[in-house]
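Engineer:
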Amino acid sequence: MYPEPARHTPAERAVTTYQPTPIPPAVVHPAPVVPVQPGHVPAVASIVLPDGRVVTGYAVDHPQPAPVAAEPAISRTAVNVALGGVGFLAVCGGLLLLTSFIAALTAFISQLIILAAVVFGGWIAVQVLGPGHRGGTTVHIRKAVIKRNHFHG
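Sequence positions in the sequence shown follow the numbering used here and run 1 to 153.
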């Protein structure tokens with residue numbers, strides 16, 4: 001499937017093969033960092049490597065991620081909705097107690113009125129229909145003597 005690799009003699013391999021050259025550790029002075037203004041193109045920087053090569057390019061600072069603000073475990077909207085619900089329940093409970101109180105007070109007042117009607121109505125009935133009084137006007141008739149058109153009683 002694949003073509004056979006070309007067979008080279010050891011002498012040809014020695015000519016065409018490149019051996020990596022280890023770079024001794026050297027003190028590399030970092031290139032000066034040019035502060036970048038927004039919308040401004042940074043200046044071109046050049047660095048001379050220990051082997052004499054020159055690398056030219058832009059000095060770019062690595063962007064730092066913006067610090068993440070610590071978010072609460074529960075969102076503020078959820079807390080506000082929950083507090084609103086608790087307040088609504090408290091108001092509804094208070095209104096329920098208020099309406100219950102008004103209903104109880106109304107029943108109490110109506111019972112007092114009925115009790116007063118029964119007590120005073122009974123007192124009035126006893127006064128009117130009591131055994132000491134039969135109603136009407138009481139007239140005591142005595143034997144009267146009439147002499148010469150004069151009443152002598």
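Glycine included, every Cβ here is placed at the ideal spot set by N, Cα and C.
How far does the alpha helix (DSSP H) with T99 in it reach, from first residue to last?
Structural biologist: Your numbering for residue 99 matches position 99 in the sequence shown. Looking at the DSSP string, the run of the alpha helix (DSSP H) that includes T99 is 76-129.
Engineer: Taking DSSP's pairing of strands, which residues face G52 in a bridge?
Structural biologist: In the sequence shown, counting from the first residue as 1, residue 52 sits at position 52. Beta-bridge pairing links G52 to no other residue.
Engineer: Quick check on DSSP: helix, strand or coil for I47?
Structural biologist: Along the sequence shown, read from residue 1 onward, the residue named residue 47 stands at position 47. DSSP places I47 in strand when its eight states are reduced to three.
Engineer: Compute the Euclidean distance between the alpha carbons of A69 and G87, then round it to the nearest angstrom.
Structural biologist: One-based indexing of the sequence shown puts residue 69 at position 69. One-based indexing of the sequence shown puts residue 87 at position 87. Computed Cα separation, rounded: 30 Å.
Engineer: In whole angstroms, what separates the C-alpha of S100 from that of A90?
Structural biologist: Position 100 of the sequence shown, counted from the first residue, corresponds to residue 100. Position 90 of the sequence shown, counted from the first residue, corresponds to residue 90. Computed Cα separation, rounded: 15 Å.
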